[in-house]
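Taking the working numbering, I'd label the letters of the sequence shown as residues 2 to 258. All C-beta atoms, glycine included, are put in the ideal place defined by N, C-alpha and C.
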Amino acid sequence: MPRYALKIEYDGTPFSGWQRQADRASVQGAVEAALARLEQDVPSIAAAGRTDAGVHALGQVAHCDLAKDWDPFRLSEALNHHLKPAPVAVVACARVPEEFHARFSAVERRYLFRLVSRRAPLVHDRGHVWRVGHDLDLAPMQAAARHLLGRHDFTTFRASLCQAASPVKTLDALDIEDMPYPGGREFRFHVRARSFLHNQVRSFVGTLERVGAGAWPPEGVKAALEARDRAACGPVCPPDGLYLAGVGYPTDPFARD
């Protein structure tokens, strides 16, 4: 069966997450329903990351096996037609070798978190950024983030129900930038690693926000990391501002010659 890689963009607001669930709307369920309109008995699709309820994606990657030899452009067009009106779109499609696996072939995941500091409630970005009503200081957050880089036991920054076999991960990048936002400032957290623990990015951002607000010193993040204790973590921020920004592979399946 020909295998296809799909790059998928979605608004996670109405979904219970990526993973298909019997009684709740999911992104996987929406994509598989669209595939079923094209072919019968399509096997389950696999994705690079199982995003949680309310988490968005700019570049989720999934693969599917189909009976028909589809032209990738026609396949993406057909899927986008059948995905309407769900807030899900296939932005790229490519034929890939049968050994390609969206999850196991990935060598990095990139996440973006958007945090807005302003007093006024959100209007246009409601549900797509995390708003706090106080000022934040960029430099202490950047200093604190440096303590998290590298290979560590991230027990402090993972959910208690995380199913990963080990809390040890290597964080390759955690860059923070700020920019003007109407009535305030927007802070963007760019996070990169081969893989992540459950709630790891949201735990990072929630803790770093406390540093930016002046409630924690930057060194407090180092102490929390070394504690290897979930109770030492700062607040876990809401999912609204989190985006799966992209997935890296040894060879980009969507690269054009």
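Check, Outcome
"Inter-residue spacing [alpha-carbon to alpha-carbon] between P141 and L113", "19 Å"
"Three-state class that DSSP yields for R1 in the structure shown", "Nothing about residue 1 can be reported from this structure: the residues present for the chain run from 2 to 258 only."
"4-residue-minimum alpha helix (DSSP H) runs that sit fully inside the region 56-135, ordered along the chain", "73-84"
"Same chain only: Cβ atoms within 6 Å of D138, ignoring 5 sequence neighbours per side", "G213"
"Cβ-Cβ separation, R4 to F101 (assumed contact under 8 Å), whole Å", "6 Å"
"Contact check, A121 vs G185, beta carbons under 9 Å", "yes"
"Proximity of L245 and F158 at Cβ, strictly below 9 Å", "no"
"Span of the alpha helix (DSSP H), counted from its first residue to its last, around G221", "P219 to A228"
"Per-residue burial, S106 [other beta carbons within 10 Å of its own, 16 or more giving buried]", "buried"
"Burial state of K85 (16 or more Cβ within 10 Å)", "exposed"
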